[in-house]
Amino acid sequence: MIANIKTNNSFRQTTQYVIEKDQARIIGGNMVGQTTSQLVAEFLISAHLNPQVKTPCYHLMLSLSPDETLSDLQFAQMGQRFLASMVVLSRLTGDKARVTSPENRIGEAELTQKVDSFIQEDIHQYSYFIARHHDQEHQHIHIVASRLNEITGKAIQTWQNYPQGEYAARLLEKQF
25 MIANIKTNNS FRQTTQYVIE KDQARIIGGN MVGQTTSQLV AEFLISAHLN PQVKTPCYHL
85 MLSLSPDETL SDLQFAQMGQ RFLASMVVLS RLTGDKARVT SPENRIGEAE LTQKVDSFIQ
145 EDIHQYSYFI ARHHDQEHQH IHIVASRLNE ITGKAIQTWQ NYPQGEYAAR LLEKQF
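All the letters of the sequence shown, read from the start, carry residue numbers 25 to 200 under our numbering.
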């Protein structure tokens, strides 16, 4: 599995790209809207909580290898767990936050427990949707989320996105 993570300042362009492609469809998330305009209106509510955040749009992608397949439900669960993992990992401090250091980083069991807890208790604090695309040989999903917590206004830290995304993707490969 390949993880790709981007941040940008445009919910409109990202959402338009993700849901207006041929055969794209929303398969998960916690947002009510179904159109670009509806989803962008929801995202802008959180973006206004902290106008100092210049890149409030979080765009996460997960791609399977061409010989792998998942159902919509499995892909939606995987996308939710990936977003949750990225938030949990961004909140870690000290040695556990060093995901590039296998001897120090948070262990798989502890991360899984923290992700489960985050999904149960806190994921509703971030607006997001998951869409599936069928425009490539390989199956893939896009997760579009607000980096801003709708309760605190604090943004998901992104300075270690690449190593955190790789670690989270390796764990998801094992789970799915």
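Using N, Cα and C, we set each Cβ at its ideal position, and we do this for glycine too. Note that the structure is a prediction, hence the values are computed from the model and not measured.
Report the three-state DSSP secondary structure of residue i (helix, strand or coil).
i: arginine 105; result: helix
i: leucine 88; result: coil
i: leucine 172; result: strand
i: histidine 162; result: coil
i: isoleucine 69; result: helix
i: leucine 180; result: This sequence places isoleucine at residue 180; leucine is not what is there. If DSSP states are grouped into helix, strand and coil, isoleucine 180 belongs with coil.
i: isoleucine 167; result: strand
How many whole angstroms separate the CB atoms of residue i and residue j, which I take to be in contact at a CB cut-off of 8 Å?
i: phenylalanine 153; j: leucine 73; result: Their Cβ separation, rounded to whole angstroms, is 19 Å, which puts phenylalanine 153 and leucine 73 out of contact at 8 Å.
i: histidine 157; j: histidine 164; result: 6 Å
i: asparagine 28; j: methionine 85; result: 4 Å
i: alanine 100; j: isoleucine 51; result: 5 Å
i: isoleucine 175; j: methionine 110; result: Contact flag wrong, Cβ pair sits at about 18 Å.
i: serine 151; j: methionine 55; result: 6 Å
i: arginine 36; j: threonine 60; result: 7 Å
i: leucine 172; j: glutamate 132; result: Rounded, the Cβ-Cβ distance is 28 Å, inconsistent with contact.
Could you give the distance in angstroms between the alpha-carbon of residue i and the alpha-carbon of residue j?
i: glycine 177; j: glutamate 197; result: 32 Å
i: threonine 79; j: leucine 68; result: 12 Å
i: valine 168; j: glutamate 127; result: 32 Å
i: aspartate 146; j: leucine 88; result: 27 Å
i: valine 139; j: glutamine 47; result: 30 Å
i: proline 90; j: threonine 38; result: 25 Å
Can you tell me where the beta strand (DSSP E) holding residue i begins and where it ends?
i: asparagine 33; result: Element bounds for asparagine 33: n/a, residue is neither H nor E.
i: phenylalanine 153; result: 152-157
i: glycine 189; result: Glycine 189 -> not in any beta strand (DSSP E); alpha helix (DSSP H) instead, spanning 185-199.
i: isoleucine 50; result: 49-53
Under 7 Å from any heavy atom of the ligand COA, does the C-beta of residue i make it?
i: glutamate 66; result: The ligand COA is not part of the structure shown, which contains no ligands of any sort.
Can you name, in chain order, every residue of its own chain whose Cβ lies under 8 Å from the Cβ of residue i, other than the five neighbours on each side?
i: alanine 193; result: Met25, Ile26, Ala27, Leu86 and Phe106
i: asparagine 32; result: Thr38, Thr79, Cys81 and His83
Counting only the same chain and skipping the five closest in sequence on each side, list residues whose C-beta sits under 7 Å from that of residue i.
i: glutamate 190; result: Ala27
i: arginine 49; result: Ala155 and Arg156
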